[in-house]
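Protein chains in written order, with my numbering: chain A, 612 to 929; chain B, 1370 to 1684.
Glycine residues also receive a C-beta, built at the ideal position from the N, C-alpha and C atoms.
Everything on this sheet refers to the single structure shown next.
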Amino acid sequence: MSDLFKRRESVPGTAQEPAEDERPKGTWEDSGYRMSDEEAHRDTVYHIPNQFMQVVAVFKTQMSLYSKRKSIYLVLVVAVMIPILYVLAKDIFDFGMVAEASGTGLIGALLSMLPFIMGIFTASLCGSVMPAEFNDRSAYMNMALPMSRTAFCLGKYLAGVVITIGVFVFAYGMAMAGSLITYSFFDEEALAKSFTMMLLSVLVYTSFTFAMGCFIKRGATIVSFLIIAIVLPVIELYMFMNSYIDMSGFMLFPNMLPDLACLTLGSNISMSPMGVLNMLVHIVNPASMDLLLSAVISAAWSVAFLVLGIIAIERREM
Amino acid sequence: MNDVKAIEVSHLVKRYGSFTAVSDISFDVAKGEFMGLLGPNGAGKSTTLKAVTGLLRPTSGEIRIQGVDIKDHRKALEHVGCVIETPMPYGDFTPADLLQHVGRIYGLDKAEIAIRGRDVLEEMKLWDWRYKKIDGFSKGMKQRVVLAQALLPNPDIIVLDEPTSGLDPRGMVEVREILKGLKRKDRSLLISTHILSEISELCGSVTMIRDGEAIISGDVSELLSGSRMGPITLEIKMLKTIGPELISELESSTGVRDCERMGDHVVKVSFMGSSEEQAEIVSKAYNSGLGLMSVNESGKNLESLYMEMTEEESA
Ligand SMILES: Nc1ncnc2c1ncn2[C@@H]1O[C@H](COP(=O)(O)OP(=O)(O)O)[C@@H](O)[C@H]1O
Ligand SMILES: [Mg+2]
């Protein structure tokens, strides 16, 4: 009867113990070294790490899973295209039509895809992460490990946040590079404000889409994209046009932040319902927005969605 | 400390709405014991094992693993490895990636993961596949990957839900061979299956469940060989005419429920008890001086009972 942790047969020439320093210290390569029975049977004491370390473990795993996703590289390629397309288009297209003729305005114009990509990217990245666990049944493995479901969710969520921030910071960098081709001066205050709005919107979008993935088992990606990028903006804009809410109302609905981030830079256009409306009637003016208040509200929404999503997973029967 | 049970399930009930998937199942698995949950499809095996591993919340009842309530999920499962409902590991990962992930959660350091990882991957015959994407693996290989994952921490307790289901005959044989290799000192196993021979090959004890109820529980070899299930009937045939003395003597023996005289020479004893008690009855008949001719034993054993059970199922 073979014992699991006993070598089934000794490999010729490797029977004798190697000297201490020859031992492979944790390698996946086959060095011919075999554990002695005592070692194999060692009642190695291991302890479940604390919750934080388990969050880190899940985070690392999720980063590694994300790193195999093509959509991330696709968005990075789109970002790299920004300055290239600008160079190609600047002589045949008048960017002054869609944005202030300034360095900052041009950044805004170059980032006009931001709202759309923010929605579709977070929906596909974060909205799919929990449904994939359940549909591919890896959840049966993970949730039977000595780890709380909350730690599991947090690790997965944080990986989505980090990737999304990375991608959009890169996009900002590329848009600035494009703008530097023509201009050498930026309105730093507007840029910082826009950048902050973008970071806040990443929080809101990732936690909303992640939570949707926790609530619904199928179609979370498309449903969360439609809600956050189409349905809510249309409703909010309708309320805005009919004066049920004013500019400050958009702070309560931080799903508008990617738009506002573009508009803050001085562009009149973005690829979203608000962008279209603003191009037609030019009414939205983000300058009057209180960024600090907006940050507090966005953070509150993000935490609320995340907590609701985690509760849904904690209560889920499998 | 030593008599702490590996797994204790007491009065487990799980209802889905008005449907009761598991009703009042109790059993325990001692340290070093291999216990099988045997039952046809839909009996409630997976539901029981999911409750044991904290994947679902029991409607009522209590589950302890090494004395720790499963509600304290992290602590209770510290030394448990399990495969429930044939999970599919991440297809984009390689076995090495997957073991890395699981090892980190258990708190094994990098070197330890690689050493143990090589061990389990070799045992699962996956060592040469450690850098290949799991996506391309056959079903049997995927099953071995999840087994490797469960065995990585060299756990004291292993919980497996139908580890051979859905595999082709070759895959089944491979997995069974691996399971036989799991025995080691103080390791406990709880495994569910609908295949009787898997239990008899592997397990020391068995709990048979049907429609969410535990109907028999006990030692496998005893259940398979003897008729230790419910009362058995001993038909004792004597040479001389049986008098009331022998009847009353038999009736007073431990384990005897009923004695019935069938004509002058035969008495039917309904009995439930240990083998020693059964031997005692036979020796009483022998020592009666009436000339013991034969003893016939009849009753249900595990196999016949399980056959009956599964026949009903398919009928
Ligand atoms: N989530 C659920 N909702 C409703 N009924 C369920 C659910 N899970 C299992 N059941 C029912 O509970 C019974 C036991 O299921 P299960 O434990 O999977 O059986 P087994 O593993 O023994 O084949 C089955 O009749 C099944 O239909
Ligand atoms: Mg089952």
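Reduced DSSP secondary structure (H/G/I, E/B, other) of residue i
{"i": "Glu1431 (chain B)", "result": "strand"}
{"i": "Arg1487 (chain B)", "result": "helix"}
{"i": "His1634 (chain B)", "result": "coil"}
{"i": "Leu1446 (chain B)", "result": "coil"}
{"i": "His1470 (chain B)", "result": "helix"}
{"i": "Leu1603 (chain B)", "result": "strand"}
{"i": "Ile1527 (chain B)", "result": "strand"}
{"i": "Glu711 (chain A)", "result": "coil"}
{"i": "Met753 (chain A)", "result": "According to the sequence provided, residue 753 (chain A) is Asn. The question's Met does not apply to it. Asn753 (chain A) falls in the helix class under three-state DSSP."}
{"i": "Asp648 (chain A)", "result": "Its pLDDT being 49, under 50, Asp648 (chain A) is placed unreliably by the model, and nothing is read from it."}
{"i": "Gly1411 (chain B)", "result": "coil"}
{"i": "Lys1508 (chain B)", "result": "helix"}
{"i": "Glu702 (chain A)", "result": "The amino acid at residue 702 (chain A) is misidentified as Glu; the sequence shows Asp. Three-state result, Asp702 (chain A): coil."}
{"i": "Asn1665 (chain B)", "result": "strand"}
{"i": "Ser1379 (chain B)", "result": "strand"}
{"i": "Ser881 (chain A)", "result": "coil"}
{"i": "Ala1399 (chain B)", "result": "coil"}
{"i": "Phe1388 (chain B)", "result": "strand"}
{"i": "Val1625 (chain B)", "result": "strand"}
{"i": "Ser1586 (chain B)", "result": "strand"}
{"i": "Ser678 (chain A)", "result": "coil"}
{"i": "Ser1569 (chain B)", "result": "helix"}
Neighbourhood of residue i by C-beta distance below 6 Å, restricted to the same chain and skipping five residues each side
{"i": "Leu736 (chain A)", "result": "Gly771"}
{"i": "Thr817 (chain A)", "result": "Thr733, Cys737, Gly771, Val772, Thr775"}
{"i": "Ala872 (chain A)", "result": "Ser805, Met808, Met809"}
{"i": "Ile1439 (chain B)", "result": "Gly1423, Ile1432, Ala1445"}
{"i": "Gln665 (chain A)", "result": "Met758, Ala762"}
{"i": "Ala831 (chain A)", "result": "Gly738, Pro742, Met823, Gly824"}
7 Å CB neighbourhood of residue i in its chain, flanking five on each side removed
{"i": "Asp1397 (chain B)", "result": "Lys1374, Ile1376, Glu1377, Val1378"}
{"i": "Lys1400 (chain B)", "result": "Ala1375, Asp1555, Ser1557"}
{"i": "Ile731 (chain A)", "result": "Phe836"}
{"i": "Val698 (chain A)", "result": "Ile792"}
{"i": "Gly1535 (chain B)", "result": "Thr1455, Lys1508"}
{"i": "Ser749 (chain A)", "result": "none"}
{"i": "Ile922 (chain A)", "result": "none"}
{"i": "Gly716 (chain A)", "result": "Ala710, Leu876, Gly877, Ser878"}
CB contact flag (residue i, residue j, <8 Å)
{"i": "His1442 (chain B)", "j": "Pro757 (chain A)", "result": "yes"}
{"i": "Ala840 (chain A)", "j": "Phe704 (chain A)", "result": "no"}
{"i": "Phe1403 (chain B)", "j": "Leu1593 (chain B)", "result": "no"}
{"i": "Ser805 (chain A)", "j": "Thr761 (chain A)", "result": "no"}
{"i": "Ser1622 (chain B)", "j": "Ile1650 (chain B)", "result": "yes"}
{"i": "Tyr794 (chain A)", "j": "Ser713 (chain A)", "result": "yes"}
{"i": "Ile695 (chain A)", "j": "Leu721 (chain A)", "result": "no"}
{"i": "Cys1628 (chain B)", "j": "Ile1527 (chain B)", "result": "no"}
{"i": "Glu1645 (chain B)", "j": "Leu1565 (chain B)", "result": "no"}
{"i": "Val1542 (chain B)", "j": "Gly1405 (chain B)", "result": "no"}
{"i": "Ser1415 (chain B)", "j": "His1380 (chain B)", "result": "no"}
{"i": "Val669 (chain A)", "j": "Lys767 (chain A)", "result": "yes"}
{"i": "Leu891 (chain A)", "j": "Leu848 (chain A)", "result": "no"}
{"i": "Pro1409 (chain B)", "j": "Arg1545 (chain B)", "result": "no"}
Residue nearest to residue i in terms of C-alpha spacing, selected from the options
{"i": "Gly1434 (chain B)", "options": "B:Leu1446, B:Leu1424, B:Pro1427, B:Gly1509", "result": "The residue you asked about is not Gly; residue 1434 (chain B) is Ile in the sequence shown. Out of B:Leu1446, B:Leu1424, B:Pro1427, B:Gly1509, B:Leu1446 has the C-alpha closest to the C-alpha of Ile1434 (chain B)."}
{"i": "Asp1488 (chain B)", "options": "B:Arg1473, B:Lys1502, B:Asp1504, B:Leu1468", "result": "B:Leu1468"}
{"i": "Pro1538 (chain B)", "options": "B:Lys1508, B:Val1391, B:Leu1558", "result": "B:Lys1508"}
{"i": "Pro742 (chain A)", "options": "A:Leu722, A:Thr820, A:Ala786", "result": "A:Thr820"}
{"i": "Leu1521 (chain B)", "options": "B:Glu1531, B:Asp1461, B:Glu1492, B:Thr1533", "result": "B:Glu1492"}
{"i": "Ala1412 (chain B)", "options": "B:Ser1392, B:Glu1543, B:Leu1551, B:Ser1534", "result": "B:Ser1392"}
{"i": "Gly877 (chain A)", "options": "A:Cys764, A:Ala668, A:Val842, A:Phe797", "result": "A:Phe797"}
{"i": "Gly1486 (chain B)", "options": "B:Lys1501, B:Asp1466, B:Lys1502, B:Lys1419", "result": "B:Asp1466"}
{"i": "Lys671 (chain A)", "options": "A:Asn746, A:Leu765, A:Ala690", "result": "A:Leu765"}
{"i": "Thr1417 (chain B)", "options": "B:Gly1436, B:Arg1384, B:His1448", "result": "B:Arg1384"}
{"i": "Gly920 (chain A)", "options": "A:Met900, A:Ala786, A:Cys825", "result": "A:Cys825"}
{"i": "Ile1601 (chain B)", "options": "B:Val1625, B:Leu1615, B:Gly1587, B:Leu1619", "result": "B:Val1625"}
{"i": "Lys828 (chain A)", "options": "A:Ala668, A:Val691, A:Gln662, A:Asn746", "result": "A:Asn746"}
{"i": "Pro897 (chain A)", "options": "A:Ala786, A:Arg926, A:Met885", "result": "A:Met885"}
{"i": "Ser1643 (chain B)", "options": "B:Ala1583, B:Gly1587, B:Val1382, B:Asp1478", "result": "B:Gly1587"}
Sequence-distant residues of its chain with Cβ nearer than 8 Å to residue i (five each side left out)
{"i": "Leu1495 (chain B)", "result": "Pro1464, Met1510, Arg1513, Val1514, Ala1517"}
{"i": "Ala906 (chain A)", "result": "Thr807, Leu811"}
{"i": "Tyr677 (chain A)", "result": "Ile683, Leu736, Ala770, Gly771, Ile774"}
{"i": "Val1449 (chain B)", "result": "Thr1422, Ile1434, Pro1524, Asp1525, Ile1526, Ile1527, Val1528"}
{"i": "Val1664 (chain B)", "result": "Leu1603, Glu1604, Ile1605, Lys1606, Val1651, Ala1654"}
Validate contact between the region 841 to 858 of chain A and the region 750 to 758 of chain A using beta carbons, cut 8 Å, 3 pairs: no
The region 863 to 871 of chain A in contact with the region 699 to 709 of chain A per 3-pair CB rule at 8 Å: no
Contact between the region 1606 to 1619 of chain B and the region 1632 to 1648 of chain B (3+ Cβ pairs under 8 Å): yes
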